[in-house]
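Asks:
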Amino acid sequence: MAIYADGFMKIKEKIAICSIKHHEQSHIKINVDICKNCQTRICIIACPAHLYTFESETGKLIVDHTGCLECGTCMIICSSKGITWKYPEAGYGIYYRYG
Amino acid sequence: MSTNDNLDVIIVGAGLAGLACAYETASAGLQVAVLEKGEVAGSKSLSGGRLYLEPVSELCREFLHDALFERPVISESITITDNNSSMSFRLDDNELQNRPNSVTVLLGRLNQRLAEKAANKGAMVLPQQKVDNLLFEKETVVGVKIGSEELRARVVVAADGVLSFLAEEAGLRPQRPANSYGLGIKEIIELKNSCIEDRFNLPPGKGASRLFFGMITHGLPGGGFIYTNSDSLSVGIVVNLGALSNWKSETEVWELLEAFKSRPDIAPLLAGGKTVEYGAHLIPEGGFNALPKPGLPGLLLVGDAAGFVLNTGYLLRGMDMALISGVLAAQSIIKTHQKNGDPAFCLTNYEQSLKESFIYKQIELYKKAPDLLTLDRMYKRYPQNIIQLTRELFHVDASGKNTSLWNACKKFMFKILGLKGLRDLWRFMRMDS
Chain C
1 MAIYADGFMK IKEKIAICSI KHHEQSHIKI NVDICKNCQT RICIIACPAH LYTFESETGK
61 LIVDHTGCLE CGTCMIICSS KGITWKYPEA GYGIYYRYG
Chain Y
100 MSTNDNLDVI IVGAGLAGLA CAYETASAGL QVAVLEKGEV AGSKSLSGGR LYLEPVSELC
160 REFLHDALFE RPVISESITI TDNNSSMSFR LDDNELQNRP NSVTVLLGRL NQRLAEKAAN
220 KGAMVLPQQK VDNLLFEKET VVGVKIGSEE LRARVVVAAD GVLSFLAEEA GLRPQRPANS
280 YGLGIKEIIE LKNSCIEDRF NLPPGKGASR LFFGMITHGL PGGGFIYTNS DSLSVGIVVN
340 LGALSNWKSE TEVWELLEAF KSRPDIAPLL AGGKTVEYGA HLIPEGGFNA LPKPGLPGLL
400 LVGDAAGFVL NTGYLLRGMD MALISGVLAA QSIIKTHQKN GDPAFCLTNY EQSLKESFIY
460 KQIELYKKAP DLLTLDRMYK RYPQNIIQLT RELFHVDASG KNTSLWNACK KFMFKILGLK
520 GLRDLWRFMR MDS
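Here's what the structure looks like:
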């Protein structure tokens with residue numbers, strides 16, 4: 001459903017303008033067994049960076065940690081504790097230049 | 100980093116609360132280290148961006164002198180929205196021109212300036228230092244661990260923000276219920292300053308705050324905001340995480356901001372602007388009943404880590420409370436240092452001064468607000484119906500008639516509000532009594 005007019009910004013464009021220093025190792029861990037059977041997959045809807053996707057072919061929840069805005073929403077909102085979230089390593093991750 | 104056994108204070112997090120605490124303790128001659136996990140001081144902080152000045156004018160006068168503020172706010176408005184239309188109450192307060200009550204800020208920039216000021220007083224502000232754990236001796240916190248390295252101090256200040264992993268480790272936040280958090284998502288949109296002043300009807304250099312409620316959050320408790328900065332707008336939405344966790348929707352939350360920006364009543368304000376930053380952050384919105392104990396012996400919580408945010412629906416305050424809690428923690432630390440050095444005394448003293456400050460008093464006064472502000476009908480039914488009724492009031496039909504004012508008032512009282520609505524209105528009016 002398109003709830004916005006033409007000319008809107010795609011989430012990938014928004015993440016691309018942010019200053020983020022990626023660490024090769026993900027600071028977000030998914031428990032495949034828990035997330036496979038999740039009824040809500042609320043993380044997909046709730047993540048403001050659109051990091052979570054569900055691969056229906058493999059039945060796997062996938063996360064792309066590189067665009068993480070470090071809000072922690074996924075960690076708080078996941079009631080089945082399928083997501084383990086930590087801050088990225090020192091000096092890595094988001095750098096809010098404006099804030 | 101070399102291990103220094105002579106540290107008096109370790110402050111974890113170089114945001115507003117941590118830096119205020121660092122500035123005060125370093126000014127008193129204590130040995131202070133501020134450990135910041137981000138690339139530079141305060142680079143993980145994000146705010147809506149409005150700071151109320153009067154509550155901090157006395158205790159932070161020197162610290163905030165020459166601080167980087169964007170615009171003093173002289174124009175306030177609250178707007179209710181349905182799908183495409185909106186209705187506003189606005190105050191352009193020209194009385195405020197010379198004595199602003201609040202200013203808009205860009206927190207990342209502000210933090211960096213304040214970090215320099217704390218460093219000038221002798222605090223060691225160390226970015227790219229991520230504290231992993233607390234260091235305990237019996238029941239007392241005696242330092243922190245960074246990887247395998249231990250760093251000791253007489254007291255540790257957890258200024259590590261809303262997600263405070265230190266408060267969690269200390270057992271001060273055993274649970275994190277979703278409904279005690281708001282999710283804020285915002286963009287910084289660059290726009291020429293003259294353009295901002297034209298569009299928001301502002302005198303040169305002055306600022307505006309615009310708050311929005313209703314359908315912009317698609318029925319979720321929360322709202323939208325626009326704050327004017329010097330050469331940019333802060334445009335964002337906030338939704339309650341508890342409600343979001345039960346949201347039955349195909350829409351993803353980030354799309355709400357895009358929808359907000361493209362509304363016919365918002366888009367003209369942003370037209371031609373360039374988005375230069377996107378961000379998201381949680382806000383502690385649980386109010387008084389969700390406040391943790393503000394520390395353990397050897398550990399003090401300040402700012403968002405302690406849950407110090409007040410949301411009354413039309414006022415959202417966190418930054419002034421962060422600053423003041425940082426100063427109060429500093430005062431207790433200094434007093435303890437001069438006296439007996441007892442960490443239990445320090446905690447008791449901090450707790451006591453919090454209770455005597457506006458922080459606890461105001462948050463307690465509004466302890467009913469979180470429940471009231473998460474009622475669905477505040478965001479769906481009331482705004483839609485009020486806009487519809489107002490539309491009818493201004494309508495002239497083909498027969499040349501317009502709606503009678505008396506009938507409109509009756510409709511408002513009996514149909515739109517009804518008993519339940521009157522009760523809600525009453526509860527809202529008495530939110531702080």
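From first to last, the protein sequence lines stand for chains C and Y.
With the numbering used here, letter number 58 in the first sequence gets 58, and the count goes up by one each step, no holes.
Going from the second sequence to the numbering used here is simple: count from 1 and add 99.
Note that beta-carbon positions come from the ideal geometry of N, C-alpha and C, so glycine has one too.
From a predicted model like this one, the values you see are computed outputs, not experimental measurements.
So, is the C-beta of Ile287 of chain Y closer than 7 angstroms to a C-beta in chain C?
Replies: As a working mapping, residue 287 of chain Y is identified with position 188 in the second sequence. Yes, its Cβ sits closer than 7 angstroms to a Cβ of chain C.
Asks: Tell me the rounded alpha-carbon separation between Thr102 of chain Y and Met75 of chain C.
Replies: In the second sequence, the residue the question calls residue 102 of chain Y occupies position 3. In the first sequence, the residue the question calls residue 75 of chain C occupies position 75. Note that Thr102 of chain Y scores 47 on pLDDT, short of 50, meaning its location in the model is unreliable; the coordinates nonetheless yield the value given after this. About 33 angstroms.
Asks: Any Cβ of chain Y within less than 7 angstroms of the Cβ of Tyr52 of chain C?
Replies: Looking up residue 52 of chain C in the first sequence gives position 52. Tyr52 of chain C does not count as touching chain Y.
Asks: First and last residue of the beta strand (DSSP E) that includes Tyr102 of chain C?
Replies: Given a span of 1 to 99 for chain C in the structure shown, any question on residue 102 of chain C remains unanswerable.
Asks: In chain order, which alpha helix (DSSP H) runs of at least 4 residues are fully inside the region 442-502 of chain Y?
Replies: Fully enclosed alpha helix (DSSP H) runs of 4 or longer: 442-455, 457-464, 468-471, 480-492.
Asks: Spatial neighbours of Gly406 of chain Y within its chain, please: C-beta separation below 7 angstroms, excluding the five flanking residues on both sides.
Replies: The count along the second sequence starts at 1 and reaches residue 406 of chain Y at position 307. Closer than 7 angstroms at the Cβ level, and outside the excluded window around Gly406 of chain Y, lie Pro383, Gly385, Ala389, Leu390, Pro391.
Asks: Just reading off the beta strand (DSSP E) that Lys29 of chain C is part of, what are its end residues?
Replies: Start at 1 with the first residue of the first sequence, and residue 29 of chain C comes out as number 29. Start and end: 28-30.
Asks: When the cut-off is 7 angstroms and only beta carbons count, does Cys71 of chain C lie next to chain Y?
Replies: In the first sequence, the residue the question calls residue 71 of chain C occupies position 71. So yes, Cys71 of chain C belongs to the interface.
Asks: Determine contact between the region 131-145 of chain Y and the region 205-214 of chain Y, defined as no fewer than three beta-carbon pairs at a distance below 8 angstroms.
Replies: Yes, the region 131-145 of chain Y is in contact with the region 205-214 of chain Y.
Asks: Assuming Ile30 of chain C and Gly82 of chain C form a contact by the criterion Cβ under 8 angstroms, report the distance between their Cβ atoms to the nearest whole angstrom.
Replies: Position 30 of the first sequence, counting from 1, holds the residue named residue 30 of chain C. Position 82 of the first sequence, counting from 1, holds the residue named residue 82 of chain C. Confirmed, about 6 angstroms.
Asks: Cβ closer than 8 angstroms: which chain Y residues qualify as neighbours of Cys18 of chain C?
Replies: Here the question's residue 18 of chain C lines up with position 18 in the first sequence. Near Cys18 of chain C (Cβ distances below 8 angstroms), the residues of chain Y are Glu376, Tyr377, Gly378.
Asks: Give me whichever residues DSSP pairs with Lys244 of chain Y in a beta bridge.
Replies: Within the second sequence, the letter at position 145 stands for residue 244 of chain Y. Partner(s): Y:Asn232, Y:Glu249.
Asks: Between Met100 of chain Y and chain C, is the shortest Cβ-Cβ distance under 7 angstroms, so that the two count as touching?
Replies: Locating residue 100 of chain Y in the second sequence gives position 1, where the first residue counts as 1. At Met100 of chain Y, the pLDDT of 44 sits below 50, so the modelled position is not reliable; the number obtained from the coordinates is stated separately. It does not: the Cβ of Met100 of chain Y has no partner Cβ on chain C nearer than 7 angstroms.
Asks: Please list, in chain order, the chain C residues whose beta carbon lies closer than 7 angstroms to that of Ser142 of chain Y.
Replies: Residue numbering aside, residue 142 of chain Y sits at position 43 when the second sequence is read from its first letter. Those within 7 angstroms of Ser142 of chain Y in chain C are Tyr95, Tyr96.
Asks: Taking only runs of the beta strand (DSSP E) that begin and end inside the region 244-319 of chain Y, which ones reach a length of at least 3 residues, in chain order?
Replies: The region 244-319 of chain Y contains these whole beta strand (DSSP E) runs: 248-251, 254-257, 280-289, 306-313.
Asks: Along chain C, in chain order, which residues have C-beta atoms closer than 7 angstroms to that of Glu138 of chain Y?
Replies: The residue labelled residue 138 of chain Y in the question sits at position 39 within the second sequence. The answer, in chain order, is Lys21, Gly91, Tyr95.
Asks: Once you ignore the five residues that flank Ser80 of chain C on each side, which residues in its own chain have a CB closer than 7 angstroms to its CB?
Replies: Taking the first sequence and counting its residues from 1, one reaches residue 80 of chain C at position 80. Within the same chain, Ser80 of chain C has close Cβ partners Ile34, Cys38.
Asks: I'd like to know whether the C-beta of Ile34 of chain C is nearer than 7 angstroms to at least one C-beta of chain Y.
Replies: Within the first sequence, the letter at position 34 stands for residue 34 of chain C. Output row for Ile34 of chain C: interface = no.
Asks: Tell me, please, whether the CB atom of Ala113 of chain Y is closer than 7 angstroms to any CB atom in chain C?
Replies: Counting from 1 along the second sequence, the entry for residue 113 of chain Y is found at position 14. No - not a single Cβ of chain C is within 7 angstroms of the one on Ala113 of chain Y.
Asks: Spell out whether any CB of chain C is found under 7 angstroms from the CB atom of Leu106 of chain Y.
Replies: As a working note, residue 106 of chain Y is residue 7 in the second sequence. Cβ-Cβ to chain C under 7 angstroms: no for Leu106 of chain Y.
Asks: Is the shortest distance between the beta-carbon of Lys81 of chain C and the beta-carbons of chain Y less than 7 angstroms?
Replies: By 1-based counting over the first sequence, the position of residue 81 of chain C is 81. So, not an interface residue.
Asks: What residue from C:Lys10, C:Lys36, C:Ile11, C:Ile15 has the CA that sits closest to Thr58 of chain C's CA?
Replies: Residue mapping note: residue 58 of chain C aligns to position 58 of the first sequence, counting from 1. Of the listed residues, the one whose Cα sits closest to Thr58 of chain C is C:Lys36.
Asks: Who are the near neighbours of Asp403 of chain Y in its chain, counting only those whose CB is closer than 6 angstroms to its CB and skipping five residues on each side?
Replies: As a position in the second sequence, residue 403 of chain Y is number 304, starting the count at 1. So the qualifying residues of the chain are Gly260, Val261, Pro383.
Asks: According to DSSP, simplified to helix, strand and coil, what is Thr350 of chain Y?
Replies: Position 251 of the second sequence, counted from the first residue, corresponds to residue 350 of chain Y. In this structure, Thr350 of chain Y counts as coil in the three-state DSSP scheme.
Asks: Could you list which residues in chain C have their beta carbon closer than 7 angstroms to that of Lys229 of chain Y, in chain order?
Replies: As a working mapping, residue 229 of chain Y is identified with position 130 in the second sequence. In chain order: Tyr87, Glu89, Ala90.
Asks: In chain order, what residues of the same chain have a beta carbon less than 8 angstroms from the beta carbon of Ser26 of chain C, not counting five sequence neighbours either side?
Replies: The residue given as residue 26 of chain C occupies position 26 in the first sequence. If we look at Ser26 of chain C and ignore the five residues flanking it on each side, its Cβ neighbours are Val63, His65.
Asks: CB-CB under 6 angstroms to Glu123 of chain Y, same chain, minus the five flanking residues each way: which ones, in chain order?
Replies: As a working mapping, residue 123 of chain Y is identified with position 24 in the second sequence. Excluding residues within five positions, the ones whose Cβ falls inside 6 angstroms are Val426, Ala429.
Asks: Could you check where the beta strand (DSSP E) with Asp191 of chain Y kicks off and where it finishes?
Replies: Along the second sequence, one-based indexing puts residue 191 of chain Y at 92. Per DSSP, Asp191 of chain Y belongs to the beta strand (DSSP E) from 185-191.
Asks: May I have the straight-line CA-CA distance separating Glu351 of chain Y from Ile44 of chain C, to the nearest angstrom?
Replies: Working through the second sequence from its first residue, we reach residue 351 of chain Y at position 252. Working through the first sequence from its first residue, we reach residue 44 of chain C at position 44. Spanning the two alpha carbons is a distance of roughly 7 angstroms.
Asks: Buried or exposed for Ala2 of chain C, please, with buried defined as at least 16 other CB atoms from any protein chain shown within 10 angstroms of its CB.
Replies: If you number the first sequence from 1, residue 2 of chain C lands on position 2. A caution first: Ala2 of chain C carries a pLDDT of 49, below 50, which makes its placement in the model unreliable, though a value can still be read off. Ala2 of chain C should be labelled exposed.
Asks: Going along the chain, which unbroken runs of the beta strand (DSSP E) with 3 or more residues stay wholly within the region 352-427 of chain Y?
Replies: DSSP runs (the beta strand (DSSP E)) wholly in the region 352-427 of chain Y: 373-383, 398-400.
Asks: Return no unless some Cβ of chain C is closer than 7 angstroms to the Cβ of Arg275 of chain Y.
Replies: Within the second sequence, the letter at position 176 stands for residue 275 of chain Y. Closer than 7 angstroms to some Cβ of chain C, the Cβ of Arg275 of chain Y qualifies, so yes.
Asks: In chain order, what residues of the same chain have a beta carbon less than 7 angstroms from the beta carbon of Ser456 of chain Y, not counting five sequence neighbours either side?
Replies: For the purposes of this step, residue 456 of chain Y is taken as the residue at position 357 of the second sequence. If we look at Ser456 of chain Y and ignore the five residues flanking it on each side, its Cβ neighbours are Ile423, Leu427.
Asks: Taking the alpha-carbon positions, what's the Val133 of chain Y to Lys438 of chain Y distance?
Replies: Locating residue 133 of chain Y in the second sequence gives position 34, counting from the first residue. Locating residue 438 of chain Y in the second sequence gives position 339, counting from the first residue. Those two C-alpha atoms are separated by around 23 angstroms.
Asks: Under 7 angstroms, Cβ to Cβ, is there at least one residue of chain Y near Ile62 of chain C?
Replies: Along the first sequence, read from residue 1 onward, the residue named residue 62 of chain C stands at position 62. So no, Ile62 of chain C is outside the interface.
Asks: Run through chain Y and tell me which residues come within less than 8 angstroms of Lys14 of chain C, C-beta to C-beta.
Replies: Along the first sequence, read from residue 1 onward, the residue named residue 14 of chain C stands at position 14. By Cβ distance, chain Y contributes Glu286, Trp353, Thr374, Tyr377.
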